[in-house]
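Have a look at the structure below, then the notes.
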Amino acid sequence: MRPVFVVDPSKCIGCMACVVACAIENAVPFTLSKSDPVGWPKTLWTRTWVMWIEKEDPAPSRTLMPYLCFHCQDAPCERVCPTGATFRTPEGVVLVDHSKCIGCGYCIVACPYGARYKVKEGAFEKAVRDAMLDDASKKLREAGLEDFIMKPPSENKWAAEERVVDKCTLCYHRKETGAWIPACVEVCPTKARMFGDLDDPNDPAAELVRTGKARHLRPDLGTGGLVYYVMR
Amino acid sequence: MSLLSKRIPRRKFIIFTGVAAASLSAPMLLREFRKESEPSKLLERFVTESGLRESYSIPSICGMCMAQCAIYIDVVNGVPARIRPNNNAPTSSMGICSRGVAGLYNTLYNPDRLLKPLVRKPLLDWLEGRIGWAEAVARLKELRGTDKEFVEVDDWWKIADIIARKLKELADNDERHALVFLYGAWGPIASLRLPVPLARFLDAYGSPNEIQFDMPACVSNRILGHTLTGVHGHQAANPMVDWWNAKTIVQVRRNNPGAGVVVTAWRLGVARSEGVKLIVLDPAFSEAASMADIWLPVKPGTDLAVILAAIRYVLENPIYLDSEYLKRFTNAPHLIVVSKEHKLSGLPIPAREVDWAHYELSPQYGEKLSFTVFDPSTGKPMPDDVAKDFSLWGSYKVMLKDKVEVEAKTALELLREWVTANLDALAKKHGVADYMEAVAKEADVPVEDLRKAIRMMVEDRAVFEIGWHDPRFSNSPQLWRAIDILMALYGRIQKPGGLFMASHLFAAQAGLYTRLKLTKADDPFYSIRGDTISSYNAKFGARLGIIPLVPPLPGPAERGAPPIPKSLTSEWASMMSKEGYPVLFPTHQVQALYDSVMFGKPYKVKVLMMFATNPLVQNPNVEVWKAIFKNLELVFIHDIVFNDTALYADIVTPDMTYVERLDLPLPGIYSPFPVVSIRFPWYWKPYKEGKIEREIRPFNTRTGFEILLMVAKKLDELGVRARDGTKFAANLPVGMLDEEGKFPLPRLERFINMVLRRIRIVDAKGEIRQPTLDDFYQYGGYMMLRFTGRTVEIVDEPWSKALGREVKLRVPVFEPIRYNVKDEKKYWTMFNHQNPLGFGTPFPTPTGRIEIYSVVLAREVKDVLKKNPIAVNPSNIEGLDAEVDPLFSPIPLYAGRALPDYVWASKIPATASSAIDGLKMPDPSKGELLLVYRHGPFTHTHMATQNNVLLNKVTVDSLFTAWIHPETAAQLGIKDGDWVIVEPATPKVLKQIEAVNGVVPKMKTRVRVTKMVRKDVLYMLHGWPTESKRLRGRLERIKAFRDPSFGVTDDNYFIPLLTTQLGGAYAMGVAVVKVSKGGEP
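Order-wise, the sequence lines are chains A and B. Following my numbering, the numbering of the first sequence begins with 4 at its first residue and continues without gaps. Following my numbering, the numbering of the second sequence begins with 7 at its first residue and continues without gaps.
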């Protein structure tokens, strides 16, 4: 299995379902994130985002640009990690082993794509309290129901945790279920985000890569990676 | 102790215990994992029966907007944890939007959710006999507008009692019509799935007053324009563009990829990626505009002129005319009487009016309910269902049976004459020779872009989306008429690559057709070629894919009771007409509440009940609505949060949220194919396995259905009878309630199976039977139904029992299909390309054809305005003194009151009524700008999601600013990011506020200086009121952009409350505001 993640910005409508699905799936303390139109995980404190890139000259234009970690083949984050916490799986997915991550943040600086951020200590409590979600939680508990507010809905050892670096994992935890599809791809209503397998000759996402219609966004940086963009 | 405070890495909480399932198209079964906390007492009973701690997925229907996307609710360890798309539905073929994914943060995780009923103390004092009603009402009126003296009530029967007693008083005083149900329909229809129970309660009680204010506030103009032409224009038909075969798509006043239902955005995106072009008409650079090949930033209200230019372009370049299509499917060849002094003047000639003997033709032609054309192969007039050929052009003389020879022209000839004259007059006004230049000047767009766009539209025979929200101008219905006419000229309605009808919704949306008065069988102008809309649906229904969902009990109307008199809308429309301000096609006239409650005209309404809606701030001129609400006698609202309207209510009751409810079946809105869907609650699996016996209600909630039944039960106990003398229990399933007023799940399941009783499917074994709830569950909640061509005779047992006679009828047999996106194109062929409309099944218009010349409109001009429709003068641009204002023209024209209202009504002094006057032209140099609001983006199309903290986080900051053009900003000394003050500048707004002693609103908002908006416009995201401070997430998000401590935070405060004369809708596009630089908050 050789996964590829293909983004077609021309199909993106900025509905942000991907960002929401990722936040829920991976228990991101999203209420601490920022809502800048243009930003990266590093500046927004979220694993993925859709940039609203707007220009006015010579004429108004708008590109909606889904953005995530590129899971580089030659990953600067992996190279600089002092503990070996950042590693690549056999499929090429770049992950952080939480048991080894010391939260030094070197990888955040090293990443040329701004794809990482750190979840600070106390983040979850603040995230829940700031959004009055502790209120919601309390009401449910008193009624006999628990909740999954900022908790991963399925077994996920790469869900967001305090004091370690957080980033897109391509929902690698779902691989073990036998139905590996990243949450953002699963919900995308226009399939501006696609997930495919280069080993599958019938896979339409893989076909875009094979035919060169989808390419790396920054080939000049030489990092390679699993994420390709269809640029028209 | 909160799990969150523990420092143990969270992965240790999760213990892997099982193996889980697999395929994406089947529910994804999750691993079970053990939690460390103890079960609470409430769930103990269920847990000990060892059912509830498991993990599973339930197919359900999203309730975050009207789209009815299919979802899965993933339940983990007995708790709803996540929502994912269910792709086995045509509304969620690829996925769902952010609102759907964030659904739990609107429902179970909503920190501001109502948990218990609230009743104002004076009402409880009255109920318990401590004070009289007059004193109670006086105190209630003082409290309205505050959240004071609400008492939490545990006993729902108290609430039912209060309402029932008040309704009894109305009944005793012969004032049942003083009860009004008020809502923006998408709440109770799509979200709560309650349209039938609501309508039935009112029918039983005997009030004709169900006001769906989203008709005048959103859709009624657009629907009118389309239905007058024969196109079913309900927005549920939005997916009916044949994306797969289109070449160019046009969006006018529509932002498909930026708001609304996401399913059409997917289809648009695929079309675009395959090279289909997009043209967008919008005063601002919307998301749709950013995807467009050509963006025309038209001056608001001038879109009609652009479309007329395209129509003229086709007529002058007949190579683009689809003559065969026009002859076969439209009334283009029908002869319209142009002689002025005849009873048929301005109308097409029914075959029965012609003196056929004069032409030596069969007198039997006179028995037909067809219309007359000129057949060039015979050189004579002929009925349109006999003629071998049709003249599309020309003027003819026809001898009628009253021995008068009238002059008549074909509808197409009139179209050419009138549109040409109209645009020539526009050219003269602008001092140019060429009509394209004239329209470009009028719409304030570059002429080369206009030419390019029109050429592209016509050469590619572009398909237009049917639009959505358009209560903007008086001319709005004519805009949609013009769009349909253009598509008919080049043959793109009901044709591949064009626009198809959602004919499977004709019956479900039969109410849309009542305005057209197609109710007299055998009258050529008041029927569909002899059929009423009811008999049309009965005759053609199965072929059209109509699915019979019928309540298990008949109501007064079904038992033959006459229509309920004293409809507020009708009486108010008559009153307006007598006062010299006729409304031609009134419907759901919410403006009537203004006259009714404030001035007692035509009569005073007293009791208002609202479900899942927020009308205080959803209607224009909010200060006026505050006064209206303050002056009612009893106000009831049912919602999941304490919304803004709740501040003006006396009783506020909490609903179960959509993830918690089993809901009634709804026929397939937003699906391009006939479907029925059923919403299942998150605990359905353990219930079906017998592990729990009842629904799970964490809070003291009731559904809207339950409330109606509880009130009905109380009415029976108080001796109040339904309007036909029967008990309420004979009209509504009152007997299915338990002692707490709950509709227990097992009974609701039985009830829904009864609702499905008239549908027949061929099941997997080849047997013909009705579908059941279990079938729907197997299908994932969504079942497509394809008519097999067969019908069977059945006996409707429940109705037979209720009516005391055997009710036998013929019902269609369907093939149930589980949607698969791979077969999407096949379904288009199966359902739409082969739709029988136009092939033996008439279009739902008097001529049975797509109407270039609108017969209904011409008829109403005669019957209601008492004018001759042919007397329209298309050259009279300024036309306010015209004999027949061009606004009412049976052929769309850009003249008179069909110009944007802020242009012509700026000459008329302001009054306090809802008639159009007292407007203003924008003057950017003085900071006086047209207020143009937008919905969306997808994160927040409606107010119901604005308290959702997750959606708020992902809505980018720039969308919350008010957009202003750099040149305008420079003139006013405003820079990007500044705070500005917005005040109403439309005299009408101020006059109406003065009339109710209201407070003149002001707003402080941050601006974005951008070229993405016209110079004469201030562009804002709609909504975000902060009257209710109890929606804390909403308040938190908006305060960085609109200052709630300074003033109001919503656009509706600055727009006058108006009634347009064609569709009775609002005119929301006409407001001018004054913008000036403001300080820091």
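For every residue, glycine included, the Cβ atom is placed at its ideal position computed from N, Cα and C.
Alpha carbons only, please: which of the options is nearest the one belonging to residue i?
i: L1041 of chain B; options: B:N953, B:K1083, B:V960; result: B:N953
i: E293 of chain B; options: A:C18, A:P6, A:A30; result: A:C18
i: A76 of chain B; options: B:A567, B:Y676, B:Y331, B:K333; result: B:Y676
i: R199 of chain B; options: B:R700, B:T663, B:N649, B:A655; result: B:T663
i: S1109 of chain B; options: B:H232, B:G106, B:V282; result: Any question about residue 1109 of chain B goes unanswered here, given that chain B covers just 7 to 1087.
i: W690 of chain B; options: B:T113, B:Q74, B:D80, B:P452; result: B:D80
i: P592 of chain B; options: B:A170, B:L114, B:F219; result: B:F219
i: G786 of chain B; options: B:M582, B:R260, B:Y78, B:Y331; result: B:Y78
i: P303 of chain B; options: B:V1079, B:R1043, B:K1080, B:V1023; result: B:V1023
i: R865 of chain B; options: B:R1012, B:V343, B:I137, B:K305; result: B:V343
i: M221 of chain B; options: B:L204, B:P128, B:A1073; result: B:A1073
i: F605 of chain B; options: B:E830, B:E60, B:A271, B:V1002; result: B:V1002
i: V603 of chain B; options: B:M582, B:A618, B:W631; result: B:W631
i: D299 of chain B; options: B:K523, B:D982, B:L287; result: B:L287
Residues of chain A with a CB under 8 Å from the CB of residue i: which are they?
i: S964 of chain B; result: P40, W55, E57
i: P91 of chain B; result: E189, V190, P192
i: G264 of chain B; result: I16, G17
i: M507 of chain B; result: Under the 8 Å cutoff, chain A gives no residues; its nearest Cβ is about 25 Å from M507 of chain B.
i: G101 of chain B; result: A20, E189, V190, C191, P192, T193, K194
Which residues of chain A have a Cβ atom closer than 7 Å to the Cβ of residue i, listed in chain order?
i: N116 of chain B; result: A139
i: P704 of chain B; result: L143, A146, G147, L148
Mind pulling the chain B residues with CB within less than 9 Å of residue i?
i: M68 of chain A; result: What M68 of chain A touches in chain B: nothing, since even the nearest Cβ is about 12 Å away.
i: T172 of chain A; result: The premise fails here: T172 of chain A is roughly 13 Å from chain B at the closest Cβ pair, so nothing lies under 9 Å.
Against residue i, what residues of chain A qualify as contacts under a CB-to-CB distance less than 9 Å, listed in chain order?
i: E293 of chain B; result: I16, G17, R65, L67
i: F944 of chain B; result: I16, G17, C18, M19, A20, P192
i: K458 of chain B; result: Going along chain A, no residue has its Cβ under 9 Å from K458 of chain B, so there is no contact; the nearest lies around 14 Å.
i: G566 of chain B; result: Correct list: empty, because the minimum Cβ distance to chain A is about 47 Å.
i: G1039 of chain B; result: A134, M135
Which chain B residues sit within Cβ distance under 7 Å of residue i?
i: K123 of chain A; result: The contacting residues do not exist; K123 of chain A stays about 13 Å from chain B at best.
i: A88 of chain A; result: The contacting residues do not exist; A88 of chain A stays about 13 Å from chain B at best.
Run down chain B in chain order and give the residues with a C-beta less than 8 Å from the C-beta of residue i.
i: V23 of chain A; result: S104, V107, A108, L956, L957, V960
i: I105 of chain A; result: Result: empty, since nearest Cβ-Cβ is about 14 Å, beyond 8 Å.
Compare the C-beta of residue i with all C-beta atoms of chain C and state if any pair is closer than 9 Å.
i: M297 of chain B; result: Absent here is chain C; the protein component of the structure consists of chains A and B.
- prompt: Are the stretch 752-765 of chain B and the stretch 222-237 of chain B touching, with three or more C-beta to C-beta distances below 8 Å?
  reply: Segment contact: the stretch 752-765 of chain B against the stretch 222-237 of chain B, fewer than three CB-CB distances shorter than 8 Å; contact not assigned.
query: Can you list the beta strand (DSSP E) stretches of 3 or more residues lying completely in the stretch 56-106 of chain B, in chain order?
result: Qualifying beta strand (DSSP E) stretches, in chain order: 62-67, 76-82, 85-91.
message: If we require 3 or more residues per run, which beta strand (DSSP E) segments fall completely within the stretch 799-846 of chain B?
response: If we require 3 residues or more, the beta strand (DSSP E) runs fully inside the stretch 799-846 of chain B come out as 814-823.
- request: Identify each residue in the stretch 146-167 of chain A for which the Cβ-Cβ distance to at least one residue of chain B is less than 8 Å, and report them in chain order.
  value: Within the stretch 146-167 of chain A, the qualifying residues are A146, G147, L148, E149, D150, F151, I152, M153, K154, P155, P156, S157, E158, N159, K160, A162, E164, E165.
- request: Within the stretch 714-765 of chain B, note down every full alpha helix (DSSP H) run reaching 4 residues or more, in order along the chain.
  value: With a minimum length of 4 residues, the continuous alpha helix (DSSP H) runs that stay inside the stretch 714-765 of chain B are 751-761.
query: Using a Cβ cut-off of 7 Å, which residues of the stretch 895-913 of chain B contact any Cβ in chain A, in chain order?
result: Among the residues of the stretch 895-913 of chain B, none has a Cβ less than 7 Å away from any Cβ of chain A.
- prompt: Which residue spans inside the stretch 553-590 of chain B form an unbroken alpha helix (DSSP H) run of at least 4?
  reply: Runs found: 574-584.
- prompt: Are at least three pairs of beta-carbons, each pair with one atom in the stretch 267-278 of chain B and one in the stretch 980-994 of chain B, less than 8 Å apart?
  reply: Segments in contact, no.
Near-chain A residues of the stretch 1026-1037 of chain B - C-beta to any C-beta below 7 Å: Answer set for the stretch 1026-1037 of chain B: empty.
Within 8 Å of chain A by C-beta, residues of the stretch 269-294 of chain B in sequence order: So the list reads V269, A271, W272, G275, V276, R278, S279, F291, E293, given in the order they occur along the chain.
message: Threshold first: 3 residues or longer. Then list the beta strand (DSSP E) segments lying entirely within the stretch 934-972 of chain B, N to C.
response: Listed in chain order, the complete beta strand (DSSP E) runs (minimum 3 residues) inside the stretch 934-972 of chain B are 934-940, 968-970.
- request: May I ask you to verify whether the stretch 367-375 of chain B touches the stretch 434-449 of chain B, counting CB pairs closer than 8 Å and requiring at least 3?
  value: They do not touch, by the three-pair rule.
task: Scan the stretch 73-91 of chain B for residues whose Cβ lies nearer than 7 Å to a Cβ of chain A and list them as they occur along the chain.
output: Here the close residues are D80, V82, V85, A87, R88, R90, P91.
- prompt: How about the stretch 1024-1041 of chain B and the stretch 308-328 of chain B: do they share at least three Cβ pairs that are nearer than 8 Å?
  reply: Taking a cut-off of 8 Å for Cβ pairs, the stretch 1024-1041 of chain B and the stretch 308-328 of chain B do not touch, as fewer than three such pairs fall below it.
- request: State whether the stretch 726-739 of chain B contacts the stretch 785-801 of chain B, with contact taken as three or more CB pairs (one from each stretch) at a distance under 8 Å.
  value: The stretch 726-739 of chain B is not in contact with the stretch 785-801 of chain B.
message: Beta carbons nearer than 8 Å to chain A: which residues of the stretch 1012-1025 of chain B have them?
response: For the stretch 1012-1025 of chain B, which is checked against every Cβ of chain A, the residues closer than 8 Å are T1016, K1017, M1018.
task: Check distances from the C-beta atoms of the stretch 117-133 of chain B to those of chain A and list, in chain order, the residues that come in under 8 Å.
output: In summary, the residues of the stretch 117-133 of chain B whose CB is separated from some CB of chain A by less than 8 Å are P117, D118, R119, L121, in the order they occur in the chain.
query: If you pair each beta-carbon of the stretch 175-184 of chain A with each one of the stretch 36-50 of chain A, do three or more pairs fall below 8 Å?
result: No: fewer than three Cβ pairs fall under 8 Å.
message: As an exercise, report each continuous beta strand (DSSP E) stretch of at least 3 residues that is fully enclosed by the stretch 232-300 of chain B, in chain order.
response: Listed in chain order, they are 254-258, 283-287.
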